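These protein sequences, in sequence, are chains B and L.
If you count by this note's numbering, then the first sequence holds residues 1 to 482, one letter each, in order.
If you count by this note's numbering, then the second sequence holds residues 483 to 813, one letter each, in order.
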Amino acid sequence: MGPPLLLSAVDLGWAALLSPEIASRMQFGWTISVHIIFASLSIGLAPFIVYFTWRDVRTNEQRYARLRSFWVKVFAAGFVMGTVTGIPMSFQFGTNFPQFAEVAGELIGGPLAFEAKMAFFLEAVFLGVLLYGRDRVGDRTYVLSSVLVGLGAWLSGFWILIVNAWMQTPRGYEMVTRNGMEVAKLTDPVAAFLTPRMPWMYLHMMNASVISVALLVAGVSAYIVWKRPETDAWNSALRLAVVLLLVSAPFQAVHGDAYGRHVEDTQPQKFAAMEAHYETGQADLHLLAFPKSTDALTDPRAENLFTVSLPAVGSYLASGGDFGAEVVGLNEYEENPPVALVFWSFRFMVGLGFLFIGLALWGGYLVYRGRLSDSTRYLKAMIAASPLGYAALLTGWYVTEIGRQPWVIQGELKTSEAVSSTLTGAEATLTLGGFVVVYVGLVLTALYILKWLVREELRSLGVRESNESRWHGPIPWVSGDD
Amino acid sequence: MTDQLLPVDAYLVESLPEIWFGAVLFALGMYVVLDGFDFGIGMLYAIRTDEREREAFLAAFGPIWDANEVWIVAFGTMLLAAFPRVYSRLLADNYLLALGFVVALVFRGLGPELREQRDDERWKRYTDYAFIGGSVFAPLLLGMLAGRWLFGGATLPVALTGVGLVAVSILTGAAFLAAKTEPGLAAELRTYGIGATLAYLGGVVVLLGTVVLTDAGGAADAVLSLPVAAVVALSVAVGLGGSVLARRGRYRAWLVSALALPTLLTILVAILLYPTIYPPTGLLVREAVVSPLALNLVTVLGFPVLLLVLWYFKFLYGVFSGPIESEGYGE
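Pasting the structure below:
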């Protein structure tokens with residue numbers, strides 16, 4: 001394969017220019033990657049917003065008003081970004097994958113319409129009230145608005161994952177001919193919408209959102225506490241985020257392990273790709289894997305890797321207790337997903353997951369000793385960790401989505417058959433380029449907004465801009481708690 | 483089991499496919515009416531340079547635009563749920579138009595939200611460009627998309643549909659703002675509104691005339707029907723009547739009449755389409771619709787939710803009714 005990384009990047013570039021399929025997949029993958037960050041930001045922040053709003057209205061304490069005001073701004077910015085990136089996605093099924101939309105329309109259209117009507121409207125309408133209605137509605141309605149906004153975010157994920165789970169483990173339909181095309185006809189709604197994958201995906205994704213946002217809140221709080229140790233508000237936000245992480249991070253590991261077994265049951269090919277398991281037979285578990293050469297980055301076979309492995313434990317995990325269990329290998333299939341992407345994404349996600357557990361335990365210990373905000377080392381670690389939740393979430397998503405290739409509907413419709421037949425490579429490439437430019441702009445803007453918000457917050461806490469080190473002293477303007 | 487509760491091989495009511503045709507166009511109509519005046523606000527924003535006026539414009543639509551915008555997603559997903567063939571062909575056939583429209587929406591949505599994040603002249607200028615550009619191109623491209631839906635590839639009718647949607651958006655935007663701002667500004671806004679009304683009505687007449695003369699998309703016969711004539715006559719009456727109300731300073735009544743125009747436009751689209759649903763493919767409503775069980779299910783679960791959504795909107799508009807306060811809304 002020569003020097004594979006560079007070459008394959010060039011090849012991929014040409015393939016994108018020439019092939020509507022590759023360009024469409026890259027476009028969808030790229031837009032969903034950006035969208036998912038903002039969507040999960042809403043999901044994960046929702047409990048914080050509800051809590052801060054409730055405490056603010058209930059206790060009238062300055063610190064909750066401060067935290068509520070800050071995080072509602074972040075939530076609003078994230079929601080706008082989520083909306084503007086989500087609307088193009090809802091059109092891409094039609095523009096880029098119309099065959100998929102037509103084949104699956106009867107199965108996926110309903111849940112997607114519910115997402116818009118039941119969840120998206122709820123979030124958008126009551127966010128308007130939450131952002132601009134403080135003086136126009138009563139306290140109770142105001143708190144209720146925050147609950148409804150959060151409920152909207154969580155319901156949104158529910159309906160979207162119903163669709164995605166159906167694509168992973170499709171049921172409740174039969175193929176019929178309509179207008180000269182083989183399409184899926186709904187036969188059993190309960191089976192179709194409550195697929196075996198649904199509860200796994202929902203819990204894993206919602207918890208991943210909570211972890212990501214707990215890390216973000218902890219990181220921002222740690223930064224502000226590091227600059228301004230006297231702030232009650234941000235000390236309590238940091239404590240809250242660490243406690244939340246202490247619950248959610250270990251849960252994700254336990255849940256993820258069981259989820260993996262479910263994947264082996266329902267999508268053995270994806271499971272084999274996660275472990276780069278080619279030959280059918282007993283499977284080892286690679287705890288750590290490093291490539292011996294650059295080849296192994298693009299094709300991670302066991303002999304290409306330095307690994308720390310537990311022999312036969314792969315079989316044990318896949319089967320739920322049998323060390324000798326046979327695990328189907330990738331060689332059994334005609335077409336496989338890009339194994340390297342799935343294998344390394346999976347390792348990246350799991351590795352980060354364990355890092356989060358470590359950070360949570362460390363933080364929990366410091367909370368227990370009452371020394372959380374004194375440990376500069378911990379504060380710095382949390383600042384550094386603040387974007388890592390999203391890295392884990394994205395790579396987890398890649399395992400799920402790239403891992404099921406070549407299928408868009410598992411066992412039923414291939415991605416290559418789902419792509420528009422009228423789309424030209426030039427059109428698809430042009431729009432791919434457009435989305436890359438626009439969405440890079442969006443991500444940068446979101447980061448700038450967060451930076452400005454933090455800076456403004458520090459200024460209101462009396463920290464001068466030029467001041468690099470920790471700033472002690474009484475906090476200006478605000479009497480009482482803060 | 484749901485399949486015992488719901489008929490599997492027959493629609494709940496015989497006309498359910500037609501009801502869904504109406505429901506999908508209702509969602510489109512809600513979008514064109516509600517986000518239409520948001521677009522109008524964006525375009526009027528471009529020609530007012532006073533910073534205080536601009537802030538007032540942004541405050542007028544700040545709490546509601548997000549909710550208004552969701553109607554386009556409701557429309558798209560309802561179309562997918564009931565008529566997947568139409569959804570997929572319409573978007574695949576009009577690839578660049580459709581993606582151009584959503585990119586315009588991205589800019590329209592971001593501009594005003596980002597503007598307030600930072601107090602810096604250049605930053606404000608760029609976010610204003612995004613807001614204004616998005617507000618012009620979104621209705622233009624959406625109108626062109628509707629034109630392609632109705633008339634296929636015929637250039638002039640498609641362009642005129644786009645321009646028509648821009649004009650009617652300016653009209654509703656002006657009426658909405660006039661009802662919410664102080665009298666001096668409202669009087670200036672009504673001038674734009676009345677101009678847009680005349681441009682819009684003229685545009686519709688020219689558009690339909692062109693379609694009759696060229697038989698674009700084979701729609702000439704449909705245009706020369708009694709219902710179309712009735713809707714056009716009603717539009718002219720409502721448009722002119724609204725202009726008179728505007729002149730007399732009765733801005734709330736003007737707003738109601740102004741919102742009737744995009745509603746009538748959506749009804750016109752429905753009349754021109756029916757009984758086909760995507761004329762370029764010759765597909766009929768009945769042929770394109772999904773199977774009974776699926777449609778029954780989304781009906782039984784979906785219509786109560788739709789009513790709930792309408793109630794949310796009543797609540798939202800109730801909370802933010804009345805003139806814009808000097809400091810805008812809320813925080």
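Don't be surprised by glycine CBs; every beta carbon is placed ideally from N, CA and C.
Computed from a predicted structure; not experimentally measured.
For Tyr333 of chain B, the three-state DSSP class (helix, strand or coil):
Reduced to three states, the DSSP call for Tyr333 of chain B is coil.
Smallest Cα separation from Leu765 of chain L: which of L:Thr692, L:Val514, L:Glu533 and L:Trp631?
Out of L:Thr692, L:Val514, L:Glu533 and L:Trp631, the CA that lies nearest to the CA of Leu765 of chain L is found in L:Trp631.
With distance defined between alpha-carbon atoms, name the residue in B:Asn60, B:Phe79 and B:Tyr51 nearest to Leu442 of chain B.
Residue nearest to Leu442 of chain B within the set B:Asn60, B:Phe79 and B:Tyr51 is B:Phe79 (criterion: CA-CA distance).
Residues from the stretch 123 to 148 of chain B in contact with chain L, defined by Cβ distance under 7 Å:
Flagged, chain order: Ala124, Val125, Leu127, Gly128, Val129, Leu131, Tyr132, Gly133, Arg134, Asp135, Arg136 and Val137.
Beta-carbon separation of Val342 of chain B and Val399 of chain B under 8 Å?
Between Val342 of chain B and Val399 of chain B, the C-beta gap is smaller than 8 Å, which places the two residues in contact.
Locate the alpha helix (DSSP H) running through Thr445 of chain B, then write down its first and last residues.
Counting along the chain, the alpha helix (DSSP H) containing Thr445 of chain B begins and ends at Gly425 to Ser460.
Measure the C-alpha to C-alpha separation of Ser570 of chain L and Glu456 of chain B and round it to an integer number of angstroms.
Cα atoms of Ser570 of chain L and Glu456 of chain B: separation of roughly 46 Å, rounded to the nearest angstrom.
Looking at the C-beta of Ser479 of chain B, does it have a partner C-beta in chain L at a distance below 8 Å?
Because Ser479 of chain B carries a pLDDT of 42, less than 50, the predicted location of this residue cannot be relied on, and the following value inherits that uncertainty. Not an interface residue.
Do you know how far the Cα of Ala276 of chain B is from the Cα of Lys270 of chain B?
When rounded, the distance between both Cα atoms is 9 Å.
Identify the contact partners of Glu595 of chain L in chain B, using a Cβ-Cβ distance below 8 Å as the criterion.
Near Glu595 of chain L (Cβ distances below 8 Å), the residues of chain B are Ala76, Ala77 and Val80.
Excluding five sequence neighbours on each side, which residues of the same chain lie with their C-beta closer than 7 Å to the C-beta of Leu706 of chain L?
Correct list, in chain order: Val694.
I need the DSSP call for Gly281 of chain B, collapsed to helix, strand or coil.
Strand at Gly281 of chain B.
Where do the N-terminal and C-terminal ends of the alpha helix (DSSP H) with Phe306 of chain B fall, by residue?
Counting along the chain, Phe306 of chain B falls outside any alpha helix (DSSP H), though it belongs to the beta strand (DSSP E) covering Leu305 to Leu310.
Cβ contact check for the stretch 116 to 126 of chain B and the stretch 564 to 581 of chain L: 3 or more pairs under 8 Å:
No, the stretch 116 to 126 of chain B does not touch the stretch 564 to 581 of chain L.
What would DSSP say about Phe93 of chain B, mapped onto helix, strand or coil?
It is helical.
Hey, Gly434 of chain B and Ala23 of chain B: beta-carbon distance below 8 Å or not?
No, Cβ-Cβ distance for Gly434 of chain B and Ala23 of chain B is not below 8 Å.
Beta-carbon proximity of Ser146 of chain B to Leu130 of chain B, cut-off 8 Å:
Leu130 of chain B is positioned such that its CB atom lies closer than 8 Å to that of Ser146 of chain B.
Starting from the Cα of Ala656 of chain L, find the closest Cα among L:Gly644, L:Val645 and L:Glu670 and give me that residue.
Taking Ala656 of chain L as reference, the option from L:Gly644, L:Val645 and L:Glu670 with the minimal CA-CA separation is L:Glu670.
Check each residue of the stretch 450 to 464 of chain B: if its Cβ is closer than 9 Å to any Cβ of chain L, include it; give the result in chain order.
Contact residues of the stretch 450 to 464 of chain B toward chain L are Trp452 and Leu453 (C-beta to C-beta distance below 9 Å).
Check the Cβ-Cβ distances between Pro47 of chain B and every residue of chain L, and say whether any is below 8 Å.
Chain L contact via Cβ: absent.
For Val308 of chain B, count neighbouring C-beta atoms within 10 Å of its own C-beta (all shown protein chains included) and say buried if the count is 16 or more, exposed if not.
Classification of Val308 of chain B: exposed, given that the 10 Å Cβ count is below 16.
Counting only Cβ-Cβ distances shorter than 7 Å, please list the residues of the stretch 411 to 443 of chain B near chain L, keeping chain order.
Those residues of the stretch 411 to 443 of chain B that come within reach of chain L (Cβ to Cβ, closer than 7 Å) are Ser420, Thr422, Leu423, Glu427, Thr431, Gly434 and Val438.
Chain-ordered residues of the stretch 763 to 781 of chain L with a beta carbon less than 8 Å from chain B
Leu765, Glu769, Ala770, Val772, Ser773, Leu775, Ala776, Leu779 and Val780: these are the residues of the stretch 763 to 781 of chain L whose beta carbon lies less than 8 Å from some beta carbon of chain B, given in chain order.
Relative to the C-alpha of Ile160 of chain B, which candidate in B:Leu194, B:Val440 and B:Met175 has its C-alpha closest?
In terms of CA proximity to Ile160 of chain B, B:Leu194 leads the group B:Leu194, B:Val440 and B:Met175.
In chain order, what residues of the same chain lie with their CB nearer than 8 Å to the CB of Leu287 of chain B, ignoring the 5 residues before and after it?
Excluding sequence neighbours, Leu287 of chain B sits near Thr307, Val308, Ser309 and Leu310.
One or two residues paired with Pro291 of chain B in a DSSP bridge:
According to DSSP, which records beta bridges pairwise, Pro291 of chain B is partnered with B:Leu305.
Quick check on the burial criterion: 16 or more other C-beta atoms within 10 angstroms. Buried or exposed for Arg734 of chain L?
The residue in question, Arg734 of chain L, is exposed, as its Cβ has fewer than 16 Cβ neighbours within 10 Å.
So what does DSSP say about Arg464 of chain B, is it helix, strand or coil?
The answer is coil: DSSP assigns Arg464 of chain B none of H, G, I, E or B.
How would you call Glu335 of chain B, buried or exposed, if buried means at least 16 neighbouring beta carbons within 10 angstroms?
Residue environment for Glu335 of chain B: exposed (fewer than 16 other C-beta atoms within 10 angstroms of its C-beta).
Counting only the same chain and skipping the five closest in sequence on each side, list residues whose C-beta sits under 8 Å from that of Thr177 of chain B.
Only residues of its own chain outside the window of five on either side were considered, and among them Val183 have a CB closer than 8 Å to the CB of Thr177 of chain B, listed in chain order.
Within 10 angstroms of its Cβ, does Lys227 of chain B collect 16 or more other Cβ (buried), or is it exposed?
Lys227 of chain B is buried by the Cβ-count criterion.
Check whether the Cβ atoms of Thr445 of chain B and Leu596 of chain L sit closer than 8 Å, and answer yes or no.
Taking 8 Å as the Cβ cut-off, Thr445 of chain B and Leu596 of chain L qualify as a contacting pair.
Determine whether the Cβ of Phe121 of chain B lies closer than 8 Å to any Cβ atom of chain L.
Residue-level contact check: Phe121 of chain B touches chain L, since one or more beta carbons of chain L fall below 8 Å from its beta carbon.
Should Met560 of chain L be flagged as near chain B, meaning a C-beta pair shorter than 8 Å?
At least one chain B Cβ lies under 8 Å of Met560 of chain L.
Does Arg571 of chain L come out as helix, strand or coil in the three-state DSSP assignment?
Taken through DSSP and simplified to helix, strand or coil, Arg571 of chain L comes out as helix.
Length of the line joining the Cα atoms of Ser420 of chain B and Gly644 of chain L:
If I take the Cα positions, the gap works out to 25 Å.
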